[in-house]
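Encoded as structure tokens, the structure appears first; notes follow it.
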Amino acid sequence: MHPRHATAARGGGAGHRRDPARSAALGAGSHHRQVASRPGPVAHRLRRRARQRRAIEGRTAADVLAWLVTTPLQWRKSIKYVAIDMSATYRAAVRTGLPHATVVVDHFHVVQLANKMLSKVRRRTTAEIRGRRGRASDPEWKAGRRLLRNREDLTDEHFATMWNTLRGEGDNRANPPDGMDRQGEPA
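Structure, rendered in structure tokens:
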């Protein structure tokens, strides 16, 4: 067992699991506390991320900059990357307060936006083609859940069916997509 995990098991280090006030300050909601209390790699990532989060009251650039001023200068200079949601306010605050840091969008928000856009396109396309909202019996709505799933959660058969249907080749399960191997990676 890693020493950090042993410390957490004794009740130290990962106190946010036992202290709801600290959890709230770190931005870990009840779902995160439940998942973080389970063993495994996902729980470890959540515990690690929870220690890295900082809670800031308010959602304005001034609030973020006011908080940054309260932190040690050496710490601010050591920051290389800042992961944020797609908020222009936060981006502006980070660019002002930490001009040397690279701003990146966290993967959750990128995937969330991609899924929203895919659903928006499906709704618009269905309305244009059928002149009505989608129904469960429509092929584009049957495929909806599959389109929004992670590749690693799809069987090879499901992936090939989805891919070939999108390409207009029908339900040709025997053939993986051109230029792709059976796992959906570029060949």
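Residues in the sequence shown are numbered from -18 upward in steps of one, following this note's numbering. By construction, the Cβ of each residue, glycine as well, lies at the ideal position given by its N, Cα and C atoms.
Rounded to the nearest angstrom, what separates residue 110 and residue 120 at their Cα positions? As a first step, residue 110 must be located in the sequence shown, where it is residue number 129. As a first step, residue 120 must be located in the sequence shown, where it is residue number 139. Cα to Cα, the separation comes out at about 12 Å.
I think residue 71 touches residue 45, with their Cβ atoms under 8 Å apart; what is that distance to the nearest whole Å? In the sequence shown, the residue the question calls residue 71 occupies position 90. In the sequence shown, the residue the question calls residue 45 occupies position 64. Confirmed, Cβ separation roughly 6 Å.
Confirm, please, whether the CB-CB distance from residue 76 to residue 84 is below 8 Å. Taking the sequence shown and counting its residues from 1, the one referred to as residue 84 is at position 103. Taking the sequence shown and counting its residues from 1, the one referred to as residue 76 is at position 95. Closer than 8 Å, so yes.
Once DSSP output is grouped into helix, strand and coil, what is the label at residue 146? Position 165 of the sequence shown, counting from 1, holds the residue named residue 146. In the structure shown, residue 146 sits in a helix (DSSP, three-state: H, G or I).
Report the rounded CA-to-CA distance for residue 103 versus residue 122, giving the unit in angstroms. Position 122 of the sequence shown, counted from the start, is the residue given in the question as residue 103. Position 141 of the sequence shown, counted from the start, is the residue given in the question as residue 122. Each residue's alpha carbon lies about 8 Å from the other.
For a test of the three-state rule: what should DSSP assign to residue 110, helix, strand or coil? By one-based count along the sequence shown, residue 110 stands at place 129. Residue 110 falls in the helix class under three-state DSSP.
Residues that DSSP places opposite residue 171 in a beta bridge: With the chain represented from -18 up to 168, any question about residue 171 goes unanswered, as that position is not in the structure.
Delimiting residues of the alpha helix (DSSP H) encompassing residue 82: As a first step, residue 82 must be located in the sequence shown, where it is residue number 101. Careful: residue 82 lies outside any alpha helix (DSSP H) and carries neither H nor E.
Inter-residue spacing [alpha-carbon to alpha-carbon] between residue 38 and residue 93: Counting from one through the sequence shown, the residue named residue 38 turns up at place 57. Counting from one through the sequence shown, the residue named residue 93 turns up at place 112. If I take the Cα positions, the gap works out to 24 Å.
Going by Cα to Cα distance, which pick from 116, 42, 65 is closest to residue 90? Residue mapping note: residue 90 aligns to position 109 of the sequence shown, counting from 1. That would be 65, whose Cα lies nearest to the Cα of residue 90.
What's the C-alpha gap between residue 113 and residue 87? As a first step, residue 113 must be located in the sequence shown, where it is residue number 132. As a first step, residue 87 must be located in the sequence shown, where it is residue number 106. If you take the alpha carbons of residue 113 and residue 87, they lie about 35 Å apart.
Please decide whether residue 108 counts as near chain C, where near means a Cβ-Cβ distance under 8 Å. In the structure shown, chain C does not exist; there is a single protein chain.
I need the straight-line Cα distance from residue 100 to residue 141, nearest angstrom please. For the purposes of this step, residue 100 is taken as the residue at position 119 of the sequence shown. For the purposes of this step, residue 141 is taken as the residue at position 160 of the sequence shown. Approximately 21 Å between the Cα atoms of the pair.
Expressed to the nearest angstrom, what Euclidean distance is found between the alpha-carbon atoms of residue 148 and residue 137? Sequence index remark: in the sequence shown, residue 148 carries index 167 (1-based). Sequence index remark: in the sequence shown, residue 137 carries index 156 (1-based). Approximately 16 Å, taken between the alpha carbons.
Beta-carbon spacing of residue 42, residue 73 below 8 Å: Within the sequence shown, the letter at position 61 stands for residue 42. Within the sequence shown, the letter at position 92 stands for residue 73. Yes; because the gap between Cβ atoms is below 8 Å, this pair is in contact.
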